[in-house]
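Notes for the one structure printed next.
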Amino acid sequence: MKNLFRALLILVFACASLVPVCAQQANGADRHQWWQDAVFYEVYPRSFADSNNDGVGDLNGIASKLDYLKDLGVDAIWITPCFPSPQVDFGYDVSDYENIDPMYGTLADFDNLVAQAKKRNIRVILDFVVNHTSDQHKWFLDSKSSKTAARRDWYIWRDGKGPGEPPNNWVSDFGGSAWQFDPTTNQYYYHYFARQQPDLNWRNPAVKKAMFDVTRWWYQRGVAGFRLDAVDTLFEDPNLHDNPVVDHEKNEFGDPVEINKYNDKLPEVHDVLRQLRSVADQSDAVLIGETWTSNVAELKQYYGLHNNELQMPMDLMFTKLKFSAPVFREHIRNINAAGGWPVYVISNHDIVRSYDRYGDGQHNDQIAKVMAALYLTLRGTPIMYYGEEIGMKTTPPARKEDVKDPIGRTGWPKEKGRDGERTPMQWNESANAGFTQATPWLPVPPTYKTHNVADESRDPNSILDFYKQLLKLRHTNPALLDGSYTAVNEQDPNVLAYLRTYKDQSVLVALNMSNAPQKVNFDLSPNGFSSATPLVATQASASGHIVSLEPFGVFVGQLTK
14 MKNLFRALLI LVFACASLVP VCAQQANGAD RHQWWQDAVF YEVYPRSFAD SNNDGVGDLN
74 GIASKLDYLK DLGVDAIWIT PCFPSPQVDF GYDVSDYENI DPMYGTLADF DNLVAQAKKR
134 NIRVILDFVV NHTSDQHKWF LDSKSSKTAA RRDWYIWRDG KGPGEPPNNW VSDFGGSAWQ
194 FDPTTNQYYY HYFARQQPDL NWRNPAVKKA MFDVTRWWYQ RGVAGFRLDA VDTLFEDPNL
254 HDNPVVDHEK NEFGDPVEIN KYNDKLPEVH DVLRQLRSVA DQSDAVLIGE TWTSNVAELK
314 QYYGLHNNEL QMPMDLMFTK LKFSAPVFRE HIRNINAAGG WPVYVISNHD IVRSYDRYGD
374 GQHNDQIAKV MAALYLTLRG TPIMYYGEEI GMKTTPPARK EDVKDPIGRT GWPKEKGRDG
434 ERTPMQWNES ANAGFTQATP WLPVPPTYKT HNVADESRDP NSILDFYKQL LKLRHTNPAL
494 LDGSYTAVNE QDPNVLAYLR TYKDQSVLVA LNMSNAPQKV NFDLSPNGFS SATPLVATQA
554 SASGHIVSLE PFGVFVGQLT K
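Residue numbers (our numbering): 14 to 574.
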């Protein structure tokens, strides 16, 4: 095995001079696009910072924390929907795409946020809900008014199969039928999500034009791109075929388990993505996709045959992987072979926080550092989730009456909803973790006493300090910015190790994903390297070509001659 490893390293370093050429071919230029070198940070505005003490976060609250984000190492913030909304799904039911909900502030507040962010070289990305609107949007209010309304065909309206029978068997992602009967015109409208979120009819050219114009309107206000919500579900089979049903299985809402053959990932989605990309390119903007895929082949489609669809389709499969060196090694290899620029996510507002998902209950802080070192040193763009950098945990409601999320209210107790990963940001040890002086919209978890920005900023061993070290290194080290990725020691069941190489510089990353000490022999002398000098490390040390890793230890080192 040792000889095999040496042979691999010899091959890697022998080809080092070719890396810039390979990088140029892969990226279209020796230097990257801005979004390839950037670190993105998702802000859930309700929960980030409350400037007016009404219990709900707002845009001025975000603006007040820009210096924190700059110091952390963030280059772009993705703000989940802050448009006017009845808040049935906390902003993902949009009633006006070209304004700001009063609970978050005003358009002037938004303009100020963009301007203040620009001074700090931070771009602003908005969450664009492309699949559906609120049932209170003026478009839908007109659409439902009569069968001859000007915008009737902007949504999906159909007759039922019979009295009290919806047009087909499609099930809503929020529980129950995906069809809602409206007595005004005695027809059903389609909603993939909640009944208050009717799906737009993307087969109508007028809908396309209106939505494309929305993006242009925000680009002119300085927005640097969009995260596209629920892009998989833009189109439905016009013939409304029933979806196949998995026999004798029920989901958490008690509905039949369906295979979404006729209302998910239809080919027409890619036509729209190419057109949205064409508009984005005119403003040097980036499109991030909420792309739920089951394999790399599916994910690859979202880049487009000519890399002309989404620049950044999220690898959400990453959030489903077992905490295991072989599992992550295989997935990273497959993603790098897909041909597009990787986009790594380990948490977001819909997913149990990474601190709990990967943690073992005893070493969660150490494991959080392992995951940070992983997705912040890989070739690709990371998207952080607020609070990830301090080790925030998921804290779901204890009682049904405390649930705010509509999914949790419908699916309780099997499905408790997403409130647990949306709790207020933990800034300090004061009341409500410094988020607000009022009663917060969601309770602040008791962990704010041990995991908060103020305390961790003073602790050199904290998760926050570790994130800062990694992000500073990522922004300044050429190998981490522009380098190729090569897995090494691939048969090791415990340590995930790889090289990032750019021109004559190489960085070695070694991550112990086990609860036992590990020693790894990286004998680089045949290639002219005598050792690896630590750049960022925790519970790890190096002596010559031996790297010693304590349980869940991290070593990121520069190869030296």
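Yeah, the Cβ is synthetic: ideal placement off N, Cα and C, and Gly gets one too.
These figures come from a predicted structure and were not determined experimentally.
Beta carbon of residue i, beta carbon of residue j: below 8 Å?
{"i": "Y205", "j": "P180", "result": "no"}
{"i": "F239", "j": "F141", "result": "yes"}
{"i": "L241", "j": "L312", "result": "no"}
{"i": "I420", "j": "E414", "result": "no"}
{"i": "V508", "j": "A529", "result": "no"}
{"i": "Y480", "j": "N349", "result": "no"}
{"i": "T304", "j": "Y315", "result": "yes"}
{"i": "V101", "j": "A207", "result": "yes"}
{"i": "C95", "j": "D114", "result": "yes"}
{"i": "A553", "j": "E563", "result": "yes"}
{"i": "L521", "j": "G570", "result": "yes"}
{"i": "R346", "j": "G317", "result": "no"}
{"i": "Q49", "j": "W354", "result": "yes"}
{"i": "V244", "j": "G302", "result": "yes"}
{"i": "A62", "j": "M438", "result": "yes"}
{"i": "P506", "j": "P257", "result": "no"}
{"i": "S77", "j": "S64", "result": "yes"}
{"i": "F565", "j": "V292", "result": "no"}
{"i": "S519", "j": "L477", "result": "no"}
{"i": "A492", "j": "V501", "result": "no"}
{"i": "G424", "j": "G188", "result": "yes"}
{"i": "M325", "j": "V358", "result": "no"}
{"i": "Y203", "j": "E249", "result": "yes"}
Quick one: grab the DSSP three-state call for residue i.
{"i": "N16", "result": "With a pLDDT of 38 at N16, under the threshold of 50, the modelled position of this residue cannot be trusted; read the value that follows with caution. Helix at N16."}
{"i": "N534", "result": "strand"}
{"i": "W170", "result": "strand"}
{"i": "K131", "result": "helix"}
{"i": "G424", "result": "helix"}
{"i": "H261", "result": "strand"}
{"i": "T304", "result": "coil"}
{"i": "M438", "result": "coil"}
{"i": "Q552", "result": "strand"}
{"i": "V184", "result": "strand"}
{"i": "F225", "result": "helix"}
{"i": "F565", "result": "strand"}
{"i": "V560", "result": "strand"}
{"i": "L391", "result": "coil"}
{"i": "C35", "result": "Low local confidence applies: a pLDDT of 35 at C35 is under 50, so the model's placement there is unreliable, with the coordinate-based value given in what follows. C35: helix per DSSP, three-state reduction."}
{"i": "L312", "result": "helix"}
{"i": "V69", "result": "coil"}
{"i": "G41", "result": "Confidence is the limiting factor: at G41 the pLDDT is only 37, short of 50, which leaves the residue's position unreliable, though a coordinate-based value still follows. In this structure, G41 counts as coil in the three-state DSSP scheme."}
{"i": "H488", "result": "helix"}
{"i": "P339", "result": "helix"}
{"i": "A163", "result": "coil"}
{"i": "A62", "result": "coil"}
{"i": "Q46", "result": "coil"}
{"i": "E575", "result": "A query on residue 575 cannot be resolved here, the shown segment of the chain reaching from 14 to 574 and no further."}
From the DSSP secondary-structure annotation, give me the bridge partner or partners of residue i.
{"i": "G175", "result": "E178"}
{"i": "T514", "result": "S497, S519"}
{"i": "Y232", "result": "None; Y232 has no bridge partner."}
{"i": "N525", "result": "V508"}
{"i": "M397", "result": "Y54"}
{"i": "T573", "result": "S544"}
{"i": "M325", "result": "I301"}
{"i": "Y203", "result": "W192"}
{"i": "A386", "result": "In the DSSP output, where bridge partners are listed per residue, A386 has none listed."}
{"i": "I90", "result": "Y54, V137"}
{"i": "D212", "result": "H145"}
Any chance the stretch 381 to 395 sits against the stretch 152 to 171, with 3 or more Cβ pairs inside 8 Å? Contact fails: fewer than three Cβ-Cβ distances are below 8 Å.
Is the stretch 92 to 111 in contact with the stretch 145 to 156, if contact means three or more CB pairs nearer than 8 Å? In short, these stretches touch, since the Cβ pair count reaches three.
Are three or more beta carbon pairs between the stretch 484 to 497 and the stretch 450 to 470 nearer than 8 Å? Taking 8 Å as the limit for Cβ pairs, the verdict is that the stretch 450 to 470 does not touch the stretch 484 to 497.
Using 8 Å as the Cβ pair cut-off and three pairs as the minimum, do the stretch 66 to 85 and the stretch 436 to 451 touch? Using a C-beta cut-off of 8 Å, the stretch 66 to 85 makes contact with the stretch 436 to 451, since at least three inter-stretch Cβ pairs fall below that distance.
Jot down the residue ranges of each uninterrupted beta strand (DSSP E) in the stretch 92 to 156, minimum 3 residues, whole runs only, in chain order. The qualifying runs are 136 to 142.
Cβ pair count under 8 Å reaching 3, the stretch 262 to 271 against the stretch 191 to 201: No, they do not touch.
Are three or more beta carbon pairs between the stretch 429 to 445 and the stretch 401 to 418 nearer than 8 Å? Yes: the two stretches touch, three or more of their Cβ pairs being nearer than 8 Å.
Ordered list of beta strand (DSSP E) runs contained in the stretch 347 to 382, each at least 3 residues: Whole beta strand (DSSP E) segments, 3+ residues: 356 to 358.
Whole alpha helix (DSSP H) runs in the stretch 440 to 485 with 4 or more residues, listed along the chain? 466 to 470, all fully within the stretch 440 to 485.
May I have a chain-ordered list of the alpha helix (DSSP H) segments no shorter than 4 residues that lie completely inside the stretch 237 to 299? Unbroken alpha helix (DSSP H) stretches of 4 residues or longer found wholly inside the stretch 237 to 299: 281 to 294, given in chain order.
Say whether the stretch 358 to 375 touches the stretch 323 to 340, bearing in mind that this needs 3 or more beta-carbon pairs closer than 8 Å, one atom from each stretch. Flag = yes, the stretch 358 to 375 and the stretch 323 to 340 touch.
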